[in-house]
């Protein structure tokens, strides 16, 4: 079975916008959500800027009951619930008030690590000999699947409810997994997305690897520079993105708004062989992933008019462009428009693929290609391969037709998904 | 602390754990936490922690096993306060 799958809902909790309206405006304007973090400075981090969604206390009350708020100390869960519940509502779907689970609705909501602050709380209590003080929600806030479990209960889903985890590819992988479940007839509607906690305990490991920029602590909005000649590493972020995927039949039957169609994609790994390692990609595998994604999507290499890259602002950005160029057999001015949203949201780690896919899909609705920020000085490695005109520095009035979105993650894992503008037949 | 004050304090603790279909006005001295008030059994440990914090007492495992109803909780609170 190979049914068509569309996107009928979006939700987001991002460093530069909580909720679709704010997020869309920030993308149009190139507004940054990267800010100076006093706690990182106090703790002696090299990189003291990061992207963290601004979630007000009274907003949390809209999503959590007083009981759920009690002892809630997991930012990933807060972000994920906001994005997930918003996407469900955006799709025009209701929470389940019947007596039976929605058997044909499921959730694939990923994370890298969950409830870091809650776990720290538990660790300290246990080490003091006070395990009895942990309370009843310590487990569900810190188990990786806590976020999908929370959403599953809130929405009353009865199909597969799970959390996937594949480093930076998590969100993009989730979309492909949700697409496959529906396409194969195993579900009608799948909520997919991913979340990532904020804070020093998540970001510290990257700072210790000395791969985060240290020169922008007093200039946060300029810090994240994908594709720039002056890029000096990625800026850590956090948050969540969520998408509702649905069979085309189900969407048409209930008159749902359709943002775009998911044509399919590919997930693979470079086996950490050749140039590949735990932290660097095997280009042969990357190219294979992109080519297979396009082929699985049933379109031609020349049909892709927009790319949203992984493009983290490390020394690998040029290599990524080379891999795109070789895979799609397009260069110079023939290359698709390309952007990276990491300049304004940072690298949201496990949430990156989801937040960036939400932004990618919004381009279909807004009929634009969102601008790239902080790359007035495109890296020569990149301009040697593609024309600068393909890297928009101003938001373009171009209605995308087919967008390829890819994420590449630690572990030498790759995911590429292809989206198409939906046209009513 | 007077009996009425203790009862009110206990009711304030219980309130947050009541499901949607149970009102604070439904709570009586002989209400069974799980069977009458439909409180999730997982939350009983949270009620114990809140009681410990509110009355500055410490409940042991045996005490928790005995705490099935509002009356049970009041009795244990009284006993622990006397011990202090």
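Chains as they are written, first to last, in this note's numbering: chain Z, 886 to 1310; chain W, 394 to 477.
For glycine and all other residues, C-beta sits at the position ideal for the given N, C-alpha and C.
Checklist entry - Does the separation of the CB atoms of residue 1262/Z and residue 1113/Z fall below 8 Å? => result Position 377 of the first chain, counted from the start, is the residue given in the question as residue 1262/Z. Position 228 of the first chain, counted from the start, is the residue given in the question as residue 1113/Z. Yes; because the gap between Cβ atoms is below 8 Å, this pair is in contact.
Checklist entry - How about residue 442/W: is its C-beta nearer than 8 Å to some C-beta of chain Z? => result As a working mapping, residue 442/W is identified with position 49 in the second chain. For residue 442/W, the answer is yes, since a Cβ of chain Z falls inside 8 Å of its Cβ.
Checklist entry - Based on the DSSP output, what are the partners of residue 1232/Z in its beta bridges? => result As a working mapping, residue 1232/Z is identified with position 347 in the first chain. DSSP lists 1121/Z as partners of residue 1232/Z.
Item to check | Presumed contact (8 Å Cβ cut-off) between residue 1312/Z and residue 1032/Z, rounded CB distance | outcome: The first residue shown for chain Z is 886 and the last is 1310, placing residue 1312/Z beyond what the model contains.
Item to check | Residue range of the unbroken alpha helix (DSSP H) whose run includes residue 1146/Z | outcome: Counting from 1 along the first chain, the entry for residue 1146/Z is found at position 261. Here residue 1146/Z belongs to no alpha helix (DSSP H); instead the beta strand (DSSP E) covers 1145-1154.
Item to check | Cβ neighbours of residue 838/Z in the same chain (closer than 8 Å, five flanking residues each side left out) | outcome: Residue 838/Z cannot be examined here, being either before or after the span of chain Z that is shown, 886 to 1310.
Checklist entry - In angstroms, rounded to a whole number, what distance separates the CA positions of residue 1204/Z and residue 1175/Z? => result As a position in the first chain, residue 1204/Z is number 319, starting the count at 1. As a position in the first chain, residue 1175/Z is number 290, starting the count at 1. When rounded, the distance between both Cα atoms is 14 Å.
Item to check | residue 409/W: contacting residues in chain Z (beta-carbon distance under 7 Å) | outcome: Translated into the one-based positions of the second chain, residue 409/W becomes position 16. Those within 7 Å of residue 409/W in chain Z are 951, 952, 955.
Item to check | Inter-residue Cα distance where the pair is residue 1291/Z and residue 1300/Z | outcome: In the first chain, counting from the first residue as 1, residue 1291/Z sits at position 406. In the first chain, counting from the first residue as 1, residue 1300/Z sits at position 415. If you take the alpha carbons of residue 1291/Z and residue 1300/Z, they lie about 6 Å apart.
Next on the checklist: Bridge partners for residue 1131/Z per DSSP, in chain order?
Outcome noted: For this step, residue 1131/Z is matched to residue 246 along the first chain. Answer is 891/Z, 1074/Z.
Next on the checklist: Let me check understanding here. Comparing Cα to Cα, which of 1213/Z, 1067/Z, 1078/Z, 914/Z lies closest to residue 965/Z?
Outcome noted: Locating residue 965/Z in the first chain gives position 80, where the first residue counts as 1. Residue 965/Z has its Cα closest to that of 1078/Z, out of 1213/Z, 1067/Z, 1078/Z, 914/Z.
Checklist entry - Count the other CB atoms within 10 Å of the CB of residue 927/Z; is the residue buried (16 or more) or exposed (fewer)? => result Sequence index remark: in the first chain, residue 927/Z carries index 42 (1-based). It is exposed - the Cβ of residue 927/Z has fewer than 16 other Cβ atoms within 10 Å.
Checklist entry - Near residue 1136/Z, which residues of its chain fall below 8 Å by C-beta distance, leaving aside the five closest residues on each side in sequence? => result Residue 1136/Z sits at position 251 when you count from the first residue of the first chain. So the list reads 891, 893, 1143, once near-sequence residues are dropped.
Checklist entry - So which residues of chain W does residue 1020/Z contact, with C-beta pairs closer than 9 Å? => result Residue 1020/Z sits at position 135 when you count from the first residue of the first chain. Within chain W, the residues near residue 1020/Z are 438, 439, 442.
Checklist entry - Name the DSSP beta bridge partners of residue 1080/Z, please? => result For the purposes of this step, residue 1080/Z is taken as the residue at position 195 of the first chain. Note: residue 1080/Z sits in a beta bridge opposite 996/Z, 1125/Z.
Checklist entry - Hey, residue 1267/Z and residue 1206/Z: beta-carbon distance below 8 Å or not? => result The sequence position of residue 1267/Z within the first chain is 382, counting from 1. The sequence position of residue 1206/Z within the first chain is 321, counting from 1. Yes, the Cβ-Cβ distance between residue 1267/Z and residue 1206/Z is below 8 Å.
Checklist entry - Applying the criterion that 16 or more other CB atoms from any shown protein chain within 10 Å of the CB defines a buried residue, is residue 867/Z buried or exposed? => result Since the displayed chain Z opens at 886 and closes at 1310, residue 867/Z lies outside it and no answer follows.
Next on the checklist: Determine, for residue 435/W, whether the minimum Cβ-Cβ distance to residues of chain Z falls below 8 Å.
Outcome noted: As a first step, residue 435/W is located in the second chain; it is residue number 42 there, counting from the start. Yes, residue 435/W lies at the interface with chain Z (some Cβ there is under 8 Å from its Cβ).
Item to check | Three-state secondary structure assigned by DSSP to residue 1293/Z | outcome: Within the first chain, the letter at position 408 stands for residue 1293/Z. In this structure, residue 1293/Z counts as strand in the three-state DSSP scheme.
Item to check | First through last residue of the alpha helix (DSSP H) which encompasses residue 1102/Z | outcome: In the first chain, counting from the first residue as 1, residue 1102/Z sits at position 217. Taken as a continuous stretch (DSSP letters only), residue 1102/Z belongs to no alpha helix (DSSP H), as it is neither H nor E.
Item to check | Cut-off 8 Å between Cβ atoms - residues of its own chain near residue 1002/Z, not counting five sequence neighbours on either side | outcome: The residue given as residue 1002/Z occupies position 117 in the first chain. Around residue 1002/Z: 958, 959, 960, 1082, 1084, 1086.
Item to check | CA-to-CA distance, residue 1274/Z to residue 922/Z, given in whole angstroms | outcome: One-based indexing of the first chain puts residue 922/Z at position 37. One-based indexing of the first chain puts residue 1274/Z at position 389. If I take the Cα positions, the gap works out to 35 Å.
Checklist entry - Would residue 1123/Z pass as a contact of residue 938/Z if the rule is Cβ separation under 8 Å? => result For the purposes of this step, residue 1123/Z is taken as the residue at position 238 of the first chain. For the purposes of this step, residue 938/Z is taken as the residue at position 53 of the first chain. Yes, the Cβ-Cβ distance between residue 1123/Z and residue 938/Z is below 8 Å.
Checklist entry - Can you name, in chain order, every residue of its own chain whose Cβ lies under 7 Å from the Cβ of residue 1030/Z, other than the five neighbours on each side? => result Here residue 1030/Z corresponds to residue number 145 of the first chain, with the count starting at 1. These residues qualify, in order along the chain: 1047, 1048.
Checklist entry - Taking the beta strand (DSSP E) that residue 1301/Z falls in, what are its first and last residues? => result Translated into positions along the first chain, residue 1301/Z becomes position 416. Where residue 1301/Z is concerned, the enclosing beta strand (DSSP E) stretches over 1298-1305.
Next on the checklist: According to DSSP, is residue 1275/Z part of a helix, a strand, or is it coil?
Outcome noted: By one-based count along the first chain, residue 1275/Z stands at place 390. In this structure, residue 1275/Z counts as helix in the three-state DSSP scheme.
Item to check | Distance, residue 1063/Z Cα to residue 1070/Z Cα | outcome: Here residue 1070/Z corresponds to residue number 185 of the first chain, with the count starting at 1. Here residue 1063/Z corresponds to residue number 178 of the first chain, with the count starting at 1. Using only the alpha carbons, I get a separation of about 11 Å.
Checklist entry - What residues in its chain sit with their C-beta under 6 Å from that of residue 1072/Z, if we drop five residues either side in the sequence? => result As a working note, residue 1072/Z is residue 187 in the first chain. 989, 991, 1044, 1066, listed in sequence order.
Item to check | Nearest-angstrom Cβ-Cβ length linking residue 1212/Z and residue 1127/Z, presumed shorter than 8 Å | outcome: As a first step, residue 1212/Z must be located in the first chain, where it is residue number 327. As a first step, residue 1127/Z must be located in the first chain, where it is residue number 242. Actually they do not touch by this definition, with Cβ atoms about 28 Å apart.
Item to check | Pair within 8 Å by beta-carbon distance, residue 1004/Z and residue 1022/Z | outcome: For this step, residue 1004/Z is matched to residue 119 along the first chain. For this step, residue 1022/Z is matched to residue 137 along the first chain. Not closer than 8 Å, so no.
Next on the checklist: Strictly by DSSP, which residues pair up with residue 1281/Z?
Outcome noted: Here the question's residue 1281/Z lines up with position 396 in the first chain. Answer is 1254/Z.
Checklist entry - Should residue 1172/Z go down as buried or exposed, given a rule of 16 or more other Cβ atoms within 10 Å for buried? => result To locate residue 1172/Z, count along the first chain from 1; it is residue 287. Classification of residue 1172/Z: buried, given that the 10 Å Cβ count is 16 or more.
Item to check | Every unbroken beta strand (DSSP E) inside the segment 926-960 of chain Z [3 residues or more] | outcome: 934-936
Checklist entry - Taking DSSP as the reference, what is the three-state secondary structure of residue 448/W? => result As a position in the second chain, residue 448/W is number 55, starting the count at 1. It is helical.
Checklist entry - Which residues mark the beginning and the end of the alpha helix (DSSP H) in which residue 1179/Z is found? => result The residue labelled residue 1179/Z in the question sits at position 294 within the first chain. Looking at the DSSP string, the run of the alpha helix (DSSP H) that includes residue 1179/Z is 1168-1181.
Checklist entry - Among the residues of its own chain, which have a CB less than 6 Å from the CB of residue 1133/Z, if the five just before and after it don't count? => result Along the first chain, read from residue 1 onward, the residue named residue 1133/Z stands at position 248. The answer, listed in chain order, is 889, 891.
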